[in-house]
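Beneath this line is the structure, given in structure tokens, with notes to follow.
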Amino acid sequence: LKPDKHAAMLVAPRGMRFHNGFDKATKRKILDPVERGMTLLVMQQDYVSGRYKMDWLPVPLGVENNPQPTVFDPGGAIGLRKIETSDILWQRFKPSQGWEVFGNGGVAHLKWGKGHIWMINARLMQRMTHPDCARALKTLMEFCGSGVPPEKSGLGVSPKKGGVELGRDVRA
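Under our numbering, the first residue of the sequence shown is numbered 28, with each subsequent residue one higher.
Next up, the structure:
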């Protein structure tokens with residue numbers, strides 16, 4: 028996979044094959060194209076139960092059950108808008124070192140090398156009959172297929188927050 032030929036990689040919701048079909052070292056191979064400039068989008072998974080582990084991520088990301096599962100507020104990340112519907116966000120990401128966590132915890136971002144890892148924990152596929160969920164899913168698919176590097180589209184770079192430039196490689 029080469030950043031100049033491929034726009035992004037996607038781990039679909041409930042990606043059992045990816046999460047449970049390979050050992051950690053094999054799953055981490057997906058990080059090489061990210062480091063060279065690709066974007067990785069990981070859609071909603073069941074992390075809290077332990078069904079899907081995040082041990083393959085290069086930097087730990089915390090997750091917890093969401094006490095208000097009827098609201099997904101992405102805080103403007105990737106052009107997504109707030110959605111209010113039943114069971115949209117069962118689990119949210121917790122603030123974690125190196126990660127940007129947006130809105131009410133449904134979106135997390137990590138700059139890794141020249142690329143980006145985006146984690147979306149809204150249940151967009153499961154709630155796709157809701158028009159706002161379908162629109163959000165369309166936005167994410169367009170983001171993945173645009174072929175425009177996040178740095179040029181503005182989607183992978185966040186504004187300064189508290190005097191620290193977010194969206195930089197955490198290893199720098």
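The beta-carbon is built from N, C-alpha and C at its ideal position, and this holds for glycine as well.
Where does the unbroken alpha helix (DSSP H) through residue 161 begin, and where does it stop? Segment 158–172, the alpha helix (DSSP H) holding residue 161.
Spell out the partners DSSP gives residue 118 in its beta bridges. According to DSSP, which records beta bridges pairwise, residue 118 is partnered with 92.
Quick one: complete beta strand (DSSP E) runs, 3+ long, within the segment 48–117? Complete beta strand (DSSP E) runs here, min 3: 66–69 and 89–92.
Three-state class that DSSP yields for residue 33 in the structure shown: coil
Does DSSP put residue 146 in a helix, in a strand, or in coil? strand
Taking the alpha-carbon positions, what's the residue 31 to residue 106 distance? Per the coordinates, the alpha-carbon of residue 31 lies some 23 Å from the alpha-carbon of residue 106.
Contact between the segment 62–70 and the segment 146–165 (3+ Cβ pairs under 8 Å): Enough Cβ pairs lie closer than 8 Å, so yes.
Beta carbon of residue 171 nearer than 7 Å to that of residue 35: yes
Counting C-beta neighbours from all protein chains within 10 Å, is the total for residue 66 16 or more, i.e. buried, or is it exposed? The C-beta of residue 66 has 16 or more other C-beta atoms within 10 Å across all chains shown, which makes the residue buried.
Supposed close pair residue 99, residue 110 - CB separation, criterion 8 Å: Right, their Cβ atoms sit about 5 Å apart.
Let's test the definition: count the other Cβ atoms within 10 Å of the Cβ of residue 24 and tell me whether it reaches 16, buried, or not, exposed. Outside the shown range of the chain (28 to 199) lies residue 24, about which nothing can therefore be said.
Contact under 7 Å by Cβ, residue 129 with residue 102: yes
Can you name, in chain order, every residue of its own chain whose Cβ lies under 6 Å from the Cβ of residue 132, other than the five neighbours on each side? 119 and 120
Between residue 116 and residue 126, how many whole angstroms is the CB-CB distance? I'm expecting something under 8 Å. Contact between residue 116 and residue 126 is absent: CB atoms are separated by about 17 Å, not below the 8 Å threshold.
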